[in-house]
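Engineer: At position 89 of the sequence shown (counting the first as 1) the number is 72 in our numbering, and the numbers step up by one without a gap.
Virtual Cβ for every residue (Gly too), placed ideally from N, Cα, C.
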Amino acid sequence: MAPSGVDPLAHRIQYAAFRVARWVLSALPAPLALGFGDVLGWIAGVVLRMRRRVVDENLLQAFPDQEPRWRRRVARSCYRHLIRESIATFRMAGMSRDEVLAMASMDEDQLAHFRQDVAAGNGVVAVTGHLGNWEMGGAWLAAGGVPVEAVVQVQRNRRFDEDLRSVRREVGLVTIPKQDAPRGVLRALRAGHAVALVADQNVTRGGIFVEFFGRLAATAPGPAIFARRTGAPVWVGSAVRDPTGGRRYRIRLQRIDIAVTGDTDADTRRLTEAYTAVLESWIRADPEQYFWHHKRWKTRPEPRERPSAADDITS
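#1: Rounded to whole angstroms, how far is the Cβ of arginine 198 from the Cβ of glutamine 44, which I believe are closer than 8 Å?
#2: Taking the C-alpha atoms as reference points, what is the distance between alanine -15 and alanine 4?
#3: Return the chain-ordered list of same chain residues with a C-beta closer than 7 Å to the C-beta of serine 298, the five sequence neighbours on each side being excluded.
#4: Would you identify the three-state DSSP class for alanine 0, choosing helix, strand or coil?
#5: For a quick check, are the C-beta atoms of proline 204 and threonine 255 less than 7 Å apart?
#6: What are the boundary residues of the beta strand (DSSP E) that includes glutamate 132?
#7: Do alanine 133 and alanine 174 have their beta-carbon atoms positioned less than 7 Å apart in this structure?
#8: Measuring alpha carbon to alpha carbon, tell me which residue in Arg151, His64, Ala200 is nearest proline 130.
#9: Just to confirm the assignment: which complete alpha helix (DSSP H) runs, minimum length 4, are found wholly within the region 102 to 132?
#10: Touching or not, the region 82 to 90 and the region 231 to 246, by the rule of three or more beta carbon pairs under 8 Å?
#11: Can you tell me whether DSSP reads arginine 139 as helix, strand or coil?
#12: Is arginine 252 closer than 7 Å to isoleucine 191 when the C-beta atoms are compared?
#13: If you follow the alpha helix (DSSP H) that valine 83 is in, where does it begin and where does it stop?
#14: Should the region 98 to 109 be called in touch with the region 55 to 69, which here means at least 3 C-beta pairs below 8 Å?
#15: Entirely within the region 226 to 266 and at least 3 residues each: give me those beta strand (DSSP E) ranges in chain order.
#16: Given a cut-off of 7 Å on the beta-carbon distance, is the pair threonine 111 and valine 37 in contact?
#17: Shorter than 6 Å, the distance from the beta carbon of threonine 72 to the closest heavy atom of the ligand NAD, or not?
#18: With distances taken Cα to Cα, identify the nearest neighbour of methionine 119 among Ala210, Gly220, Arg(-5), Gly214.
#19: Alanine 16 and leucine 23 - do their beta-carbons sit closer together than 7 Å?
#20: In angstroms with no decimal places, state the Cα-to-Cα distance between arginine 238 and leucine 94.
#21: Determine the direct distance from the alpha carbon of lysine 161 to that of alanine 126, and round the result to whole angstroms.
#22: In whole angstroms, give me the CA-to-CA distance for histidine -6 and phenylalanine 1.
#23: Going along the chain, which residues of its own chain have a beta-carbon closer than 7 Å to the beta-carbon of arginine 34, five neighbours each way excluded?
#24: Please name the residue or residues paired with phenylalanine 195 in a DSSP beta bridge.
#25: What is the DSSP secondary structure of leucine -8, counted as helix, strand or coil?
#26: If I follow the unbroken beta strand (DSSP E) through alanine 207, where does it start and stop?
#27: I need the straight-line Cα distance from isoleucine 241 to leucine 114, nearest angstrom please.
#28: Just tell me which of Thr244, Asn185, Thr259 has its CA closest to the CA of valine 217.
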């Protein structure tokens, strides 16, 4: 066991390897670096088949009517996308805000509407998912002057975590550790900031079951609860790579408007259903850019909550 304040040797080795890899990938021309990511992704998905069973089962659940050949193609593509976008995120280190802004674009009217909601002073709950490059989406908004705070998972490797926070901070993105979210999110919203929360993964406790690709999925109600408690509007956002294969991304933002009834549980459920449905529609449009490697349907509802026996299939 390492002495207090000393990083474990394994963490130091991992971080050193990461720094070398990032330096090499940043020094290479972008097409070559990203092409290298394509190759690594192909190896991970086709040769090593890392979590391939999970990916295949998820795609079958989400797209049962598609041909097996189509699902295999999407599976291979999502591995290449994951590694390529990880490299793209590494390459953000040292970028100026102008360089980050040059990486993406979005509808000007939607951006203006989003900025108006932020300027209103009640904060904005910005929900996103593991689609496209979620890091790029938050970085692009922050680089454009929008006060954005993102709830993030703290990395076990302290050096890597500090490095990642530094990269985010360089473009103006403030982070809230996940364990501090209950207080941190309320503080940020009351300060009039946009708070980004990734809300598309399975939760084991405290979730509510809403439909996701036709099957009940345990979903974190946090974004809806924060919005209800503060009066902040809810937007759904994503940053997907341009389908033409260029380096630019398309940022999408959509406001979620539902009538508030005063029934806390019902309003929370309806809002969660609404932003989950938007995320699903965007994933359907770009399935190759989604993180299918996660066991999204792992937690199952109690029998009395299930609408039919067909939903009792285990992931």
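Structural biologist: In terms of the structure at hand:
#1: 6 Å
#2: With a pLDDT of 45 at alanine -15, under the threshold of 50, the modelled position of that residue is not reliable, and no figure is offered here.
#3: Residue placement at serine 298 cannot be trusted, given a pLDDT of 33 that sits under 50; the coordinates are not used to answer.
#4: helix
#5: yes
#6: 131 to 135
#7: no
#8: Arg151
#9: 117 to 126
#10: yes
#11: coil
#12: yes
#13: 80 to 84
#14: no
#15: 232 to 239
#16: no
#17: This structure does not include the ligand NAD; it has no bound ligands of any sort.
#18: Gly220
#19: no
#20: 11 Å
#21: 22 Å
#22: 10 Å
#23: His276
#24: Arg198
#25: helix
#26: Unbroken run through alanine 207 is the alpha helix (DSSP H), 205 to 213; no beta strand (DSSP E).
#27: 24 Å
#28: Thr259
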